[in-house]
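**Q** Before we start, here is the structure in question, set down as structure tokens.
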Amino acid sequence: MQVIVLATQKGGSGKSTLARSIAAEMTGRGRVAMLDLDPQGSLTKWWQRREADDLQLVTGLTRADQIAKAVDTLREQGFDWLIIDTPGARDEATRIALHSADLVLVPVHPSQDDLDAVGPTVAEIKEAGAEFIFVLSRTTRARIVDEVGRLLAAHGRVAPALIGARVAHGEAATRGLTAAEAGNAAASEEVRALVDYVTKELA
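For the sequence shown, the UniProt record's numbering assigns the number 1 to the initial residue and increments by one for each residue that follows.
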């Protein structure tokens, strides 16, 4: 089982949107489980609205031993992928998740506030000894996207696939869907390109 953790110490980066988009896309590539460690429970609420039963969700875990045991159990149950959504702050749950990660995805909205949060986030990931990739999310066509991408490349790998700022993500979420599942062709192409890149890096 490959464990992908979504982590950043900056809220509003599109972390939960990215987590569910990746999880839904992964269902065509194996058995997928999700772990929601974010107290806001955005991933859980989305899953509860979802009619399809193609994703397993584990939530309500607060202690380190519970998280580690859940990961082991899902691995024993034969899941191929585990997507973990973490809180937007440094805490024990995030630390345990990072230690279990095969790969950490760090969503970054192209803004100075998000760039300011990169240092602490990367420090925490490196402390856990995990591999990580930056993902530019909620992007527009503004020149700052290229500038932020260049700045991030000085700190680590940057996914070539960009996740655009689309109203379709929020609209689809009200029905327990992703923008791609709701028929947004651009969103579908973006997340497929990202997952293709991530699976290649994990191979």
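Where is the CB? At the ideal position from N, CA and C, for every residue including glycine. Remember, predicted model here, so these are calculated numbers, not experimental data.
Tell me where the alpha helix (DSSP H) around ALA68 begins and ends.
**A** It spans 64-76 - the alpha helix (DSSP H) in which ALA68 sits, taken as one unbroken run.
**Q** According to DSSP, simplified to helix, strand and coil, what is GLN48?
**A** Of the three classes helix, strand and coil, the one that applies to GLN48 here is helix, per DSSP.
**Q** What does DSSP give as the partner residues of PRO107 in its beta bridges?
**A** BP columns for PRO107 point to VAL135.
**Q** For ASP85, which residues of its own chain have a beta-carbon under 6 Å away from its beta-carbon, when the five flanking residues on both sides are left out?
**A** Around ASP85: LEU6, SER16, ALA19, ASP36, ASP38, LEU43.
**Q** So which of ALA187, GLY11, MET1 has the shortest CA-CA distance to residue 204?
**A** The requested residue 204 does not occur in the structure, where the chain is confined to residues 1 to 203.
**Q** What span of residues does the alpha helix (DSSP H) with LEU35 cover, start to end?
**A** Run containing LEU35: none in the alpha helix (DSSP H); it sits in the beta strand (DSSP E), 32-36.
**Q** Given 8 Å as the limit, is there contact between the segment 177-186 and the segment 128-142, that is, 3 or more CB pairs closer than that?
**A** With a cut-off of 8 Å, the segment 128-142 and the segment 177-186 do not count as touching, because too few Cβ pairs lie within range.
**Q** Can you tell me the Cβ-Cβ gap for LEU103 and ILE133, rounded? I've got them flagged as a contact below 8 Å.
**A** Sure, about 7 Å apart at Cβ, within 8 Å.
**Q** Would you mind sorting VAL148 into buried or exposed? The rule is 16 or more other CB atoms within 10 Å of its CB.
**A** Flag for VAL148 reads buried.
**Q** In whole angstroms, what is the alpha-carbon distance linking VAL106 and ASP65?
**A** So the two alpha carbons sit approximately 24 Å from each other.
**Q** Within the continuous beta strand (DSSP E) that includes THR59, where are the two ends?
**A** Looking at the DSSP string, the run of the beta strand (DSSP E) that includes THR59 is 55-59.
**Q** Would you grab the beta carbon distance between VAL135 and VAL108 for me? Rounded to a whole angstrom, and I think it's under 8 Å.
**A** Rounded, the Cβ-Cβ distance is 7 Å, consistent with contact.
**Q** Opposite ASP114 in the DSSP bridges: which residues?
**A** Paired residues: none, contrary to the question.
**Q** Determine the closest residue to ARG50 out of GLY88, SER188, ALA203, THR174, with distance taken between C-alpha atoms.
**A** Checked all of GLY88, SER188, ALA203, THR174; the closest Cα to ARG50 is THR174.
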